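S.K.: Chains as they are written, first to last, in this note's numbering: chain Z, 1 to 626; chain A, 1 to 306; chain F, 1 to 470; chain H, 1 to 199. Before we start, here is the structure in question, set down as structure tokens.
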Amino acid sequence: MFLFDNLSILFLFLIMLGVVPNLFYSFGYLPHIRRKAYYLLHYFSFIGSMVGVVVAGNALVFLFFWELMSLTSWQLILTEVKDKSTIKAARFYFFMTHFGFMFLLLFFLIVTNGNLEIDFAMMKSIASDFAYPTLLFFFAVLGLLSKAGAVPMHVWLPYAHPEAPSPVSALMSGIMLKIAIYGLFRFTFDILGTWPLEWGILILIIGALSSLIGVLYALSEHDIKALLANHSIENIGIILLGFGMGMIFSSLHLQTLSAFSFIAALFHTFNHMSFKSLLFMGGGSVLHETNTKNMEKYGGLIKSMPITAFTFLLASISISALPPTNGFLSEWMIFQSLIGSSSIDNISLKLAISFSVFALALTGGLAIACFVKVFGITFLGLHRSTNAKHAKEVNFMMKTGMILMSLVVVSLMLFTPFYMKFFDSTLNELLHVSIYKQIFPNIWSLHSVTPYGGIVSPLILLVGLIAIILALYAVFKSLNIKEKVYHTWACGYNTTAKTQYSATGFAGPIRRFFTWLYNPNEHFEKEIISGHKTKFVDASFSVHVEPLFERTIYKGSVKLVNKISYYVYRLAHFEQSRYAAMIFNMLLSILFSYRIFVHEFDWATFLLESVVMLISVKVLLIGEKR
Amino acid sequence: MIVYGLTIILLIFLSPLVTSFIKMIKMYLLYKKPIPIFQGYRDFSKLLSKEMIISKETSSITRIAPYLVLSPLLLILFFLPPIAGGEYYVSFIDAFTITGLISLSTFFLMILGLDSASSFGGLGSSREAFISALVEPAMILALFSVSMMGNNLGLGQASVNLNNDFPYAHMASYLFAAISFFILLIAENGRIPVDNPETHLELTMVHEAMILDLSGFYLMLIESAGSIKFMIFASIFASLFMPFGLHLPIFLGIIVFVLKIFFIAILVSLLEVNTAKLRLFKVPNLLGIAIVFAFLSLITFYVLGA
Amino acid sequence: MIYLLLLPAFIMLVLSFWNLEKSKFVLPATSLLILYPSIKLFFLPKPYKIWGEYLVADDLSAYIMLVSSIVAISVTLAVSTLGLHVKISNNAYVKFYRFFALFWIGLTLSIVANNMGIYWIGLETATLSTVYMIKTNSTVMARKEAWNYMIVGAIAISLILFGIILIYASAKPILGERAIDFSALLLNAKQIKSPFLFEIGFAITTLGMFIKMGFFPMNLWLANIERASFYPVAALFSGILESAVMIGFFKFSRIASVVNSAHVFIFVFIYTILTIFIVSFLIYRAKDFMRLFSLSGVEHMALIALFWASGGVFAALLHFGAHAFLKPALFLSTGILESRGKYRIAGALRGYSGIKGKAFYFLTGIFLLAIVSAPPSPMFFSELYGFASMVELAKTNKHLLLMISAIILLLILLSIIFYKFIEIYQSMKYEGIEKKKVVYGNEVLALIIFAVSLIALLTPWSFEFLRGIS
Amino acid sequence: MTSLLIGLFLATLIVALFTMRLYRLILWYSLNSLTLALLAITIGINIDDNAMIISGFLTLVLKAFLIPYILKRVSIRFDLSRQIEPNIPVHYSVILVPALLVFTFYLSEPITNMISSNTNDVAISISALFLSLLLMMEHRNIAPKIIGFLTIENSLFLLGTTATNVMPMLIELGIFFDLLMAIVIVNLLFGHDDEEVAE
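This is how it looks when you write it as structure tokens:
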């Protein structure tokens with residue numbers, strides 16, 4: 001019924017880390033929610049269902065809690081319905097998650113022989129003698145990754161997460177996506193067991209694509225929560241990179257390397273949970289103080305809400321993988337595992353890996369740009385709107401939530417060895433190989449297990465940085481320099497909110513560089529002073545980017561359904577008052593087909609009779625054109 | 001160990017000298033009256049003694065960021081490949097860490113630009129974000145491929161290995177890496193053709209625009225950060241792409257190293273004199289070349305093994 | 001026992017000929033008596049001979065009997081305030097009950113029948129009586145649809161008879177007169193001399209039944225009828241009449257799969273896939289509640305047939321029970337929502353206040369979610385197990401990938417329906433404007449009865465019971 | 001004798017397909033039932049089966065006289081339109097009916113092979129079923145549709161008698177009962193409106 005092995009406990013721990021600060025935050029947020037009982041009910045059952053999925057010991061329980069998780073999160077998105085967009089987003093989300101559920105269902109039905117109460121070990125034996133294991137794998141991937149939000153099933157994230165109340169979006173992005181990762185671990189190891197090389201490559205490619213696509217669309221966003229949601233896609237991609245490498249290595253029987261990569265994936269899972277929750281909380285507090293999600297309306301908030309600002313800064317540094325933060329460490333590990341594959345000789349694999357190295361590197365650069373944009377535009381400079389002007393620091397509980405979560409981030413940075421031990425024990429259970437001794441000979445430095453691998457020592461880096469800063473500061477103090485405070489120099493004009501850069505402007509160069517991907521539709525109108533081309537009193541410029549996949553896959557399928565349904569509808573209405581004729585033909589065709597397929601079959605009679613059938617349909621059913 | 005400390009101090013003190021040396025050569029080539037080579041030290045001392053004007057619009061970031069711009073770079077100095085043979089050096093720090101530290105300082109520089117609500121700051125950091133977003137992957141790829149040629153992901157160890165047995169087998173990818181890294185050296189340190197450190201014209205400014213509102217001590221921090229950054233790139237280039245001279249006795253080795261640095265400086269200044277500043281949206285072409293070469297070198301080494 | 005079963009109906013029949021004022025309250029009261037015999041029957045040892053070889057109750061029929069009677073009483077409960085929602089004459093009331101009694105007699109006969117002929121007779125009686133129940137709503141549309149129902153129902157019924165005759169003919173050489181008993185046939189199905197004749201007979205019977213349940217090609221037929229008639233009648237349709245047809249299908253297919261299970265499966269599989277294909281896209285386009293629900297009723301019927309044919313007896317029965325409770329509940333609540341025909345989907349559920357209103361709001365929402373098999377609705381489990389049995393079948397036969405892809409197609413179609421229902425649910429709850437609406441106690445009570453019985457369906461005990469039937 | 005009667009049965013049915021007037025149609029129906037009744041009685045006498053004979057007489061009374069009479073009453077009372085235009089034009093149905101006969105014979109051939117006794121009769125009764133379906137669908141008005149339904153019943157009865165030498169007595173009675181009920185319902189369906197007016 002229920003299962004408490006290391007993997008489950010690990011993810012329970014993850015949920016715990018994520019939920020405890022979120023509780024504080026959520027209770028701070030509560031006064032602004034109208035349907036409190038509704039909210040709390042669904043909030044807690046959401047958490048409960050996530051726990052349930054993680055500890056589920058058989059298919060029935062797993063599927064039940066999985067669907068419950070979707071249900072409650074969907075209801076939570078609908079907590080505060082402000083406008084149509086919320087409803088649309090919720091619907092879309094629920095449809096997508098149901099779509100994924102469908103494939104999970106198929107997966108389980110195949111591996112359980114229809115008896116849904118059997119445990120994973122027995123499933124493994126059934127799965128191993130199933131004829132098409134790759135089919136199983138595809139079902140699992142489709143089912144889980146549509147929840148995890150990996151390309152191409154990622155489209156719902158930027159809609160669903162922004163519409164949910166902020167604590168919930170923190171939970172969804174921070175933890176729910178990781179539940180899918182848990183599923184990936186559970187299915188690959190406990191049910192599928194062994195896998196060919198290609199599966200790993202598939203996961204690797206999906207990861208690389210997701211990371212790139214996620215960060216690119218994040219850059220083009222102005223809605224702060226949608227931007228963060230896009231970053232979740234990116235980070236899921238990074239996790240999948242690690243996971244894919246792990247699968248590849250283990251299918252090549254390089255156990256230590258594969259364990260290293262899996263540990264990297266787990267570590268990044270934890271890191272992403274921590275800083276993405278923190279970011280969503282920060283974004284939520286900002287949104288909650290300014291009542292707008294549009295970044296162009298923010299600015300200068302660091303003065304009015306310092307705590308939010310600095311926790312947000314910490315999270316942004318961590319998510320942009322800058323040393324010595326935890327985000328940096330996990331990405332470092334993933335890089336090491338990618339580079340460490342130099343001993344392999346398989347050309348497709350090599351190409352895939354070098355592509356993902358490139359993707360990961362590019363992702364890092366773009367992520368930095370993106371978070372400079374978010375932090376700078378949101379918190380620095382002058383406020384760009386009255387909403388931002390009247391913003392205050394959020395209440396105590398929310399502050400506590402954010403601080404606790406930032407403590408989690410810091411702990412992941414400082415107590416890496418401890419976490420590593422945990423991951424290692426989990427991997428030891430799954431892969432039967434323990435590499436803790438190799439990666440942490442001493443608690444100071446983190447060694448890569450790749451041949452001639454590098455070493456990084458977060459603590460030394462941190463200590464060094466702090467020491468140097470202190471030294472410099474001491475110099476500064478010792479010089480006791482006079483200070484004068486005056487306006488920023490703006491070439492003689494006076495500095496106003498209007499003179500600052502906007503988020504759109506900031507992303508401008510990059511958007512222009514990737515315009516082949518975005519093909520953005522730009523709106524630019526200005527009131528020119530009569531005659532002049534260049535002189536104008538007022539101008540406004542706005543850019544909207546519609547993601548590629550949405551344009552192609554999703555809109556396309558909707559069109560298709562509409563078309564089919566239109567024809568079916570016509571057919572159905574055509575039937576009016578022709579019932580007798582229809583039944584008549586039905587009867588004929590049944591007699592006919594039984595005679596043909598059951599009694600005796602030869603092509604000549606078949607053709608002849610089908611012609612007769614068609615005639616009868618024409619004459620009796622369709623009749624003459626009027 | 002002592003020599004290790006000394007080399008770091010040497011690098012720190014050398015860095016202003018090199019920057020002003022470049023400037024000097026440029027002015028000489030442009031038939032101007034060259035500045036004295038110690039101009040850099042003078043500027044710093046002047047800035048130290050000056051009073052600071054803090055902008056009203058800025059926040060506490062302005063007081064924090066300058067330190068965080070400088071300190072990662074100072075930290076990198078400790079991890080650089082050895083200057084001369086037979087002494088202590090940090091062998092294990094790899095390309096990703098170093099790039100990360102550089103990005104850390106860039107991150108805070110960009111934030112600093114956005115902090116003072118001036119349009120220049122935003123402009124500068126936007127452009128910087130654009131450039132560094134393209135620079136970082138190229139740098140990671142190039143350094144990784146070189147360090148893999150050196151049979152060790154730790155840069156220091158890799159440079160030593162390169163010294164001991166030069167990878168003639170992988171000459172092609174080595175060359176690609178060298179080219180791309182040199183382009184990065186120019187781009188990241190805001191030299192012509194990517195950026196023009198002299199002018200303060202908003203068409204050309206990238207680096208200068210971000211620090212327009214700083215003065216005194218903070219400005220000094222940023223400026224020194226700039227010169228130290230150049231130093232870092234130069235020395236990495238020197239020890240990875242000119243891998244010789246570690247077998248010489250220490251002091252000779254150090255002299256050779258310094259000569260390498262100055263040689264790179266001369267190269268840069270010649271390039272600066274002979275090219276014009278690129279338009280911002282032409283910059284990607286240059287960086288694109290860098291990325292392509294870095295990627296090529298990785299592929300050629302990694303897939304083809306050439 | 002047989003008298004006990006039919007007594008309440010006869011009482012109603014007799015009472016309904018005195019058109020007295022009280023009848024409005026007496027009739028529902030008498031209709032409540034229905035429940036007692038079916039409970040009694042449910043707990044009697046099985047198989048229980050009610051009337052010689054003609055009427056024999058086994059677990060299956062007892063289960064369906066119980067379900068139907070629960071549905072019946074809660075519908076009649078709701079009917080007593082029908083007049084407050086729609087315009088209906090007292091006379092029509094009485095007539096309604098008169099024909100309801102007839103309907104019930106026919107239904108009981110057909111459910112507990114062990115004799116194909118009696119089954120048919122009961123079915124026809126029920127059908128004809130419902131024809132008139134449609135007519136109680138005195139609108140032009142209802143008139144037209146009543147005629148439609150008369151015609152199509154008659155054809156369908158006669159097809160069933162046709163099939164029965166063929167089956168009888170095929171089995172008569174070996175069984176003689178007893179060839180008409182289900183049980184006897186089931187025992188001796190293997191010996192049938194001419195299986196082809198039997199299969200044709202089965203196919204035609206099934207065709208008749210499917211037509212009666214509104215499968216392809218009768219796509220909008222049932223929907224229009226239920227649209228036209230009063231909502232309790234629609235509830236009776238989807239809740240009980242179809243179940244009477246369904247049990248026939250169960251019994252016949254049980255025999256047929258002894259003769260040749262592969263053919264039965266293929267036939268049902270193609271037919272239901274076709275139906276669900278059409279229906280899902282119709283649902284995607286549907287714009288009013290009644291049509292929506294009756295279409296989804298058709299879909300569920302198809303699913304039940306499919307599950308049954310693919311060997312998932314438990315799943316089919318669970319789904320059957322869930323459907324039999326959910327659909328009438330939804331029809332009732334829909335009727336209440338669109339009281340006096342003024343309704344639009346957007347914001348339909350808004351504006352209910354007070355205990356009763358809140359309860360109604362809550363229950364309807366739950367039912368809507370339950371119908372798209374969101375856990376913990378019984379539908380969730382039934383679909384789970386049903387698809388499990390289908391996959392099982394797929395694994396055993398040689399066209400595995402074909403079957404799997406068919407199942408995927410099915411799932412995609414279902415998820416289209418799911419999408420539509422979610423849209424409806426959300427727009428009912430969150431869109432539109434808030435208007436004061438009213439709901440009466442007995443209606444809420446009826447809904448509560450449905451909810452309770454749904455929960456009862458989920459208990460391990462009932463799971464055990466359903467697993468016991470096979 | 002039986003084959004003659006069956007021929008008559010089919011003939012009356014086919015003629016009914018081409019009639020344009022309501023009363024004529026009713027007449028043909030009653031004749032059709034009459035032949036059916038005679039057929040049942042004769043077969044009953046041949047294989048001296050009382051059940052068969054009884055049901056034959058019932059048919060005679062009910063279908064040949066009572067029901068047509070009621071139908072005529074109804075049609076007069078609610079003055080149904082006596083002009084019934086088949087919406088399948090005659091020049092079609094002239095081709096259609098024989099084609100249909102042949103095709104149904106052909107289709108039901110394996111079925112009839114499997115029934116020991118009087119095979120052609122079975123084939124004919126199956127095709128009669130189809131023909132009466134045709135009768136139902138070629139008319140748009142209600143009255144012919146009802147008659148079509150009744151003829152279906154007839155042909156089913158025929159099938160029952162020929163294929164299985166009559167269903168069990170109980171079943172036959174039940175079928176008759178349902179038929180009566182159907183007629184009552186039809187009557188009510190027509191006659192609902194004036195009650196509404198009365199209230």
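Beta carbons are placed, not taken as given, at the ideal position from N, Cα and C, and that holds for glycine. Just so it is clear, the structure is predicted and the values come from calculations on it, not from any experiment.
By Cβ distance, which residues of its chain are closer than 8 Å to ARG143 (chain F), with the 5 residues on each side in sequence left out?
M.R.: Here the set comprises LYS135.
S.K.: Check the DSSP bridge columns for TRP481 (chain F) and list the partner residues they point to.
M.R.: Lying before the first or after the last residue shown, residue 481 (chain F) is absent from chain F, which here runs from 1 to 470.
S.K.: On the three-state DSSP scale, how would you describe PRO86 (chain H)?
M.R.: Strand.
S.K.: Measuring CA to CA, which of F:SER170, F:LEU166, F:THR127 and F:TYR132 is closest to ALA156 (chain F)?
M.R.: Here the closest residue by C-alpha is F:THR127.
S.K.: My understanding is that PHE262 (chain A) touches PHE13 (chain A), with C-beta atoms under 8 Å, so please give their C-beta distance in whole angstroms.
M.R.: PHE262 (chain A) to PHE13 (chain A), Cβ: 14 Å. No contact.
S.K.: GLY174 (chain Z) and LYS276 (chain Z): beta carbons closer than 7 Å?
M.R.: Yes, these two residues count as a Cβ contact at 7 Å.
S.K.: Per the DSSP calculation, PHE541 (chain Z) is bridged to which residue(s)?
M.R.: PHE541 (chain Z) is bridged to Z:PHE524.
S.K.: Please classify THR628 (chain Z) as buried or exposed, where buried requires at least 16 other C-beta atoms within 10 Å of its C-beta.
M.R.: Coverage of chain Z is limited to positions 1 through 626, which leaves residue 628 (chain Z) absent and any answer about it impossible.
S.K.: Rounded to the nearest angstrom, how far is the Cβ of ILE191 (chain Z) from that of MET123 (chain Z), given a contact under 8 Å?
M.R.: Sure, about 5 Å apart at Cβ, within 8 Å.
S.K.: Please go through the same chain and pick out, in chain order, the residues whose beta-carbon is closer than 6 Å to the beta-carbon of GLY284 (chain Z), but skip the five residues on each side of it.
M.R.: The answer, listed in chain order, is SER166.
S.K.: Okay, do the segment 373 to 388 of chain Z and the segment 145 to 158 of chain A touch, 3+ Cβ pairs below 8 Å being the bar?
M.R.: Too few Cβ pairs lie closer than 8 Å, so no.
S.K.: I'd like the list of long-range same chain contacts for ILE319 (chain Z), defined as Cβ closer than 6 Å, with 5 residues on each side in sequence excluded.
M.R.: Counting only Cβ-Cβ distances below 6 Å, and skipping sequence neighbours, we find PHE275 and GLY327.
S.K.: Are the Cβ atoms of VAL372 (chain F) and LEU109 (chain Z) separated by less than 7 Å?
M.R.: Contact flag unset, no.
S.K.: Taking a Cβ distance cut-off of 9 Å, strictly less, list which residues of the segment 131 to 142 of chain A are near chain Z, in chain order.
M.R.: The segment 131 to 142 of chain A vs chain Z, Cβ under 9 Å: ILE131, SER132, ALA133, LEU134, VAL135, GLU136, PRO137, ALA138, MET139, ILE140 and LEU141.
S.K.: By the criterion of Cβ-Cβ separation under 7 Å, what are the contact partners of ASP165 (chain A) in chain Z?
M.R.: None at all; the shortest Cβ gap to chain Z is about 14 Å.
S.K.: Does the beta-carbon of ILE111 (chain F), which I'm using as the reference point, lie nearer than 6 Å to any heavy atom of the ligand HEM?
M.R.: No copy of the ligand HEM appears in this structure; indeed no ligand is present at all.
S.K.: State yes or no: is the beta carbon of PRO110 (chain H) nearer than 7 Å to at least one beta carbon in chain Z?
M.R.: Answer yes: the Cβ-Cβ gap between PRO110 (chain H) and chain Z drops below 7 Å somewhere.
S.K.: Could you name the residues of chain A that SER354 (chain Z) contacts, counting a contact when the two beta carbons are closer than 7 Å?
M.R.: LEU298, ILE299, TYR302 and VAL303, listed in chain order.
S.K.: Name, in chain order, the residues that DSSP records as bridge partners for PRO115 (chain F).
M.R.: Checking the sequence, you will find Asn at residue 115 (chain F) rather than Pro. The partner list for ASN115 (chain F) (beta bridge, DSSP) reads F:ASP181.
S.K.: Report the CB separation of LEU107 (chain F) from SER68 (chain F) in whole angstroms; it is logged as a contact under 8 Å.
M.R.: Correct: roughly 7 Å between the Cβ atoms.
S.K.: Mark ALA305 (chain F) as exposed unless 16 or more other C-beta atoms lie within 10 angstroms of its C-beta, in which case mark it buried.
M.R.: The residue is buried, with at least 16 neighbouring Cβ atoms inside 10 Å.
S.K.: Have a look at the DSSP bridge pairing and note the partners of LEU446 (chain Z).
M.R.: Paired residue(s): Z:VAL456.
S.K.: By the criterion of Cβ-Cβ separation under 8 Å, what are the contact partners of TYR28 (chain A) in chain Z?
M.R.: Residues of chain Z passing the Cβ test: none, with the nearest at roughly 33 Å.
S.K.: Is the CB of PRO28 (chain F) under 7 Å away from at least one CB in chain Z?
M.R.: So no, PRO28 (chain F) is outside the interface.
S.K.: Starting from ASN152 (chain A), find everything on chain Z with Cβ-Cβ shorter than 7 Å and list it in chain order.
M.R.: By Cβ distance, chain Z contributes TYR452.
S.K.: Are at least three pairs of beta-carbons, each pair with one atom in the segment 315 to 335 of chain F and one in the segment 351 to 370 of chain F, less than 8 Å apart?
M.R.: Yes: at least three Cβ pairs fall under 8 Å.
S.K.: Can you name, in chain order, every residue of its own chain whose Cβ lies under 8 Å from the Cβ of LEU10 (chain Z), other than the five neighbours on each side?
M.R.: Counting only Cβ-Cβ distances below 8 Å, and skipping sequence neighbours, we find LEU266, PHE422, PHE423 and THR426.
S.K.: Would you decide whether SER557 (chain Z) is buried or exposed? Buried here means 16 or more other CB atoms lie within 10 Å of its CB.
M.R.: Label assigned to SER557 (chain Z): exposed.
S.K.: Thinking C-beta only, is VAL151 (chain Z) closer than 7 Å to LEU209 (chain Z)?
M.R.: Contact: yes.
S.K.: Any beta carbon of chain A sitting closer than 7 Å to that of TRP332 (chain Z)?
M.R.: It does; some Cβ of chain A falls within 7 Å.
S.K.: For GLU483 (chain Z), which residues does DSSP report across the bridge?
M.R.: Looking at the DSSP assignment, GLU483 (chain Z) forms a beta bridge with A:MET52.
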